[in-house]
Amino acid sequence: MNIINKIISNFINNKSLYIGEKVTISEHMIQSAMIAENAKSTSNLICSCLLHDYGHFILEDPDELVKKKIDGKHEDIGYEYLKKFFKKEVVEPIKYHVSAKRYLARDKKYFNSLSEASKISLKLQGGVFNTKESKEFEKKDFFKNSIKLRKFDEVAKRTNIKMKSIIEYKDLLNFQLL
Ligand SMILES: [Fe+2]
Numbered sequence: 003m004n005i006i007n008k009i010i011s012n013f014i015n016n017k018s019l020y021i022g023e024k025v026t027i028s029e030h031m032i033q034s035a036m037i038a039e040n041a042k043s044t045s046n047l048i049c050s051c052l053l054h055d056y057g058h059f060i061l062e063d064p065d066e067l068v069k070k071k072i073d074g075k076h077e078d079i080g081y082e083y084l085k086k087f088f089k090k091e092v093v094e095p096i097k098y099h100v101s102a103k104r105y106l107a108r109d110k111k112y113f114n115s116l117s118e119a120s121k122i123s124l125k126l127q128g129g130v131f132n133t134k135e136s137k138e139f140e141k142k143d144f145f146k147n148s149i150k151l152r153k154f155d156e157v158a159k160r161t162n163i164k165m166k167s168i169i170e171y172k173d174l175l176n177f178q179l180l
């Protein structure tokens, strides 16, 4: 099976809920992409959004890991796998979307807006960035898109909207292949 068909079948077959939320991981990623589209983002960024939690499909049982207070490093797992097939512009923001949360959480208002599940995972992911870590992160090539991805990610948890199907993203995915 080629990679695009494999991704599509994973989206269709995976019914696990996104940790602590009422939407599935598939729905959550599709919603992130829809929000990025509405914000007139580039195709690269829309594709990053669509695949940003793909690591959760690869990890055995993300929910179980959280219960055991283990960070599965889903951003690295997704990145390592997807970089074999997709452009750098697509996979780098995926790698850094957790760093973006650690960066943004320095702001009290942002921190307080996080869901309980997200606050717990933030701790497991290493907590809020200090000044040195923040400065390092700002220097990354895809810093801005990592932040954007994270902001779209944050709000992509609605249950009352008309969802697109993963099939509608087939061309976009194909276009972002190496
Ligand atoms: Fe996410």
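Each residue of the sequence shown is one higher than the last, beginning at 3 in our numbering. Glycine included, every Cβ here is placed at the ideal spot set by N, Cα and C.
message = Under 7 Å: does the beta carbon of residue 143 sit that close to some heavy atom of ligand 1?
response = no
query = Hey, which unbroken runs of the alpha helix (DSSP H) at 4 residues or more fall wholly within the region 75–142?
reply = 76–84, 90–97, 99–106, 110–115, 118–126 and 133–140
ask   = Under three-state DSSP, which class holds residue 19?
value = strand
query = What residue from 170, 137, 48 and 67 has the CA that sits closest to residue 155's CA?
reply = Selected option, being the one with the closest Cα: 48.
ask   = Does the region 25–41 come close enough to the region 106–125 to have 3 or more Cβ pairs within less than 8 Å?
value = no
query = In angstroms, rounded to a whole number, what distance separates the CA positions of residue 74 and residue 146?
reply = 24 Å
ask   = Mind checking whether residue 91 and residue 46 have CB atoms under 8 Å apart?
value = The answer is yes: Cβ separation under 8 Å.
Residue 58 - containing alpha helix (DSSP H), residue span = 56–60
CB-CB length for residue 79 against residue 60, believed under 8 Å = 5 Å
message = Please enumerate, following chain order, all residues with a beta carbon closer than 5 Å to at least one heavy atom belonging to ligand 1.
response = Every residue passing the under-5 Å Cβ criterion appears here: 55 and 155.
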